[in-house]
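Counting from 1, position 10 in the sequence shown corresponds to residue -8 in our numbering; the numbering is continuous, with no gaps. All C-beta atoms in this analysis are idealised placements derived from N, C-alpha and C, irrespective of residue type, glycine included. Notes to accompany the following structure.
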Amino acid sequence: MRKYLLANVLFIVLNFTSKAGNEYQYFIDLTNVQNDKLSVKLIPPDFKGGEATFYIPSIVPGTYDIYDFGRFVSQFKVMGKDKRELPFTLKDVNTYIIPDPSQIDYITYNVED
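See below:
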């Protein structure tokens, strides 16, 4: 399960960064596992207005099962450009709503290995 989840996280990260023209920068230190959790940091491009929705995948393409990978995520934080934590709403286990994405500096969260 550990290798399967890690492979899926890496696939998702590489897939997003390749399609986004390297605008989204993900940082994962695979050598720094603490309490069976990996730390993920995302630096997104600048957003303008509206609200942003951050999704953790719930399925693997080609399968019929719903995995809800969001259940492996903990300590989700949205940090602002002023270095303060920004508010967000957890819509469901895989979906985070960020009301003012123009203020995002980076997003961090931990993933169970």
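{"Item": "Sequence-distant residues of the same chain with beta carbon closer than 7 Å to residue 31, five excluded per side", "Value": "84"}
{"Item": "Sufficient close CB pairs (3 or more, under 8 Å) joining the stretch 76 to 91 to the stretch 46 to 60", "Value": "yes"}
{"Item": "Span of the beta strand (DSSP E), counted from its first residue to its last, around residue 17", "Value": "Here residue 17 belongs to no beta strand (DSSP E), and DSSP marks it neither H nor E."}
{"Item": "Reference residue 89, options 43, 75, 50, 38, closest by Cα", "Value": "38"}
{"Item": "Between the CA atoms of residue 47 and residue 40 - distance to the nearest angstrom", "Value": "9 Å"}
{"Item": "C-alpha gap between residue 5 and residue 29, whole angstroms", "Value": "11 Å"}
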